[in-house]
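This note's numbering puts the first residue of the sequence shown at 785, with every later residue one more than the last.
Positions of the beta carbon are idealized from the N, C-alpha and C atoms, including for glycine.
Note that the coordinates shown come from a computational prediction; the quantities given were computed from them, not determined experimentally.
First comes the structure, then the notes that go with it.
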Amino acid sequence: MVKRSSGELLFSIAVDRSLDKSITTQIYHAIRQLIAASHLPAGKRLPSSRTLARELGISRTTAMTVFERLTAEGLIVSRTGSGSYVSELAETRKPEQALVVHSPGPVSAKLADIIADASPRFFQRLSHPHHVRAFVTGLPDYAAFPMAVWARLTAKHWREPREEVMGYSDANGHPRLRLAIAEHLRANRGLSCDVDQIFIVNGAQQAFDLVGRVLLNPGDSVWFENPGAIGARNSLVACGASIVPVPVDQEGLSVEAGLELAPDFRLAFVTPSHQHPTGAEMSLARRAQLLAAANQNNAWIIEDDYDGEFRYDGRPLPTLKSGDTGERVIYVGTFSKTMFPALRLGFYIVPRPLVPIFQRISGAFLQGVPSSIQAVLAAFIDEGHFATHLRRMREIYAGRHAVFHEAAERYLAGLLHTNRSVAGFHAVGRFAAPFMNDETVAADADAAGLQVSPVSRFCLDQAQVHRGLVLGVSAIDERTIRKGVETLASVLEKQRA
């Protein structure tokens, strides 16, 4: 019989992040089982907590906690300057039956719950028609995109030598594209970072999923804006996070409320430049509070800058990450809004201490966005077309917001209160009559040929449901906006009657 070293045995432990049991508990029980079965006999030296953490892909804090629990139980002992060993007393303290970590039933039930909850919330996003209606949300104006320029750059790319365009790309992302993104953010959003901090992914949703899987253990508390972005919420729930709905006011996520609800939070998800869906901008004071709370709790922050490029009363706001001196913010951006959704291209920027682990994850698992699309987008940015396109779209969208609010003042007075939007793709309306149900209004609007989104659909806490309508104006022309407002007024009149 071939004997295996303690390192080989411990490194073979399987960690299942989908289980309800924490990673700490899984590893603790697995080591207890090895001791109980005499695979780790008394006096056997164990790998260091640092080595165990590296090999299992967990945090060193988790590894140290496991060792502390085993030490407290008398199963292992630590010797200064020598390391950790299986205790001589382990023989007398073995559990009668080793514990096996597996639980297929709850996992299946959990997955079913996620699917059942996510399906209705994603219904509109998945069913976008080719012919958009008023007031579909989250879409850019396809007709305004400079397709001829994109086609020319694409053709130019494919005329490059085959060995340069037909192979695998860098798993972290095309170097030229990452450099172009870094330079754009430095010049326009006040965000300075190294190129190796940037990772290219198949849209923002993949970034949320990767960050959750790397930084969260099952059961970790995550502050989440309420109301907030359901897609990101579902990604984090699938990673085992315990979502804590934190109220939003005119200054953004309430840090004070978050500390009351979950003072030991591990992650906070925010949309500080233009809160989704309320449109609130996180104040400088609130940003400072959030960064301080993350530093104090050794927690992380995901900054989702989904439409921060589109501000209509001045330059785009600086990012939260631009003031992150404590290296706690993961910045996530997407080209689905600034360009078009079919690109399926987003990126995230991690703090410098996290670069090695995310490079390892990318190298092991990702070969996502086609290198041809990355190369063409890099050329599009480098040649100035991206900046020109952004300037043009800001003018177009600002004009459409103005038309919408002019029409709203004329037709929706006494029915729906709307605030003039200074950023983003949509406006938010609150019912003048408190008894109105936004889900019912949305259904009637759909029957009348409109596509509106109920605010309540973005609420995570049913005890704090907000009622209203999210009305997108970016993807439709001014004539469609005016006609849509008139139709919506008719729908609301019937509801009020």
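- Around the Cβ of residue 1218, a 10 Å sphere holds fewer than 16 other Cβ atoms; the residue is exposed.
- Taking 3 residues as the minimum length, the beta strand (DSSP E) runs contained wholly in the stretch 961-997 are 982-985, in order along the chain.
- In this structure, the beta-carbon distance from residue 1268 to residue 919 falls below 7 Å.
- Beta-bridge pairing by DSSP links residue 1096 to no other residue.
- In this structure, residue 1018 and residue 1032 do not form a Cβ contact; the two beta carbons are roughly 19 Å apart against a cut-off of 8 Å.
- Taking every protein chain shown into account, the CB of residue 940 has fewer than 16 other CB atoms within 10 angstroms, so this residue is exposed.
- About 6 Å separates the beta carbons of residue 1180 and residue 928, which is inside the 8 Å limit, making them a contact pair.
- Of the candidates 958, 1022, 1000, 958 places its Cα closest to the Cα of residue 981.
- The DSSP-derived three-state label of residue 1111 is coil.
- Three or more beta-carbon pairs drawn from the stretch 956-970 and the stretch 1161-1176 are found closer than 8 Å, and the two stretches are therefore classed as touching.
- The straight-line gap separating the alpha-carbon atoms of residue 1237 and residue 1074 is approximately 29 Å.
- Contact annotation: the stretch 1051-1060 touches the stretch 996-1012, with at least three C-beta pairs closer than 8 Å.
- The Cβ-Cβ distance between residue 1024 and residue 1002 falls below 7 Å.
- Taking the CA atoms as reference points, residue 1242 sits about 36 Å from residue 811.
- In this chain, the beta strand (DSSP E) harbouring residue 1010 covers 1005-1010.
- Look at the beta carbons and you see the stretch 1132-1150 touching the stretch 1113-1120: at least three pairs across the two are nearer than 8 Å.
- Residue 1225 holds the alpha-carbon nearest to the alpha-carbon of residue 1233 among 1152, 1225, 1069.
- Just so you know, the alpha carbons of residue 1211 and residue 1184 end up roughly 11 Å apart.
- If you draw a straight line from the Cα of residue 1088 to the Cα of residue 1099, it is about 18 Å long.
- Inter-residue distance for residue 1145 and residue 799 is about 16 Å (C-alpha atoms, whole angstroms).
- In the three-state reduction of the DSSP assignment, residue 1091 falls in the coil class, being assigned neither a helical nor a strand state.
- Annotation for residue 1175: no residue places its beta carbon closer than 6 Å to its own, counting only its chain and skipping 5 residues before and after.
- Counting only residues of its own chain and dropping the five nearest sequence neighbours on each side, residue 1062 has a CB closer than 7 Å to the CB of 1011, 1032, 1212.
- Boundaries of the beta strand (DSSP E) harbouring residue 1026: 1026-1033, taken from the DSSP string.
- Put simply, the stretch 1152-1165 does not touch the stretch 1136-1143. Fewer than three CB pairs are less than 8 Å apart.
- Per DSSP, the continuous beta strand (DSSP E) segment holding residue 1052 begins and ends at 1051-1054.
- For residue 1192, the closest C-alpha among the options 1266, 1209, 1207 is that of 1266.
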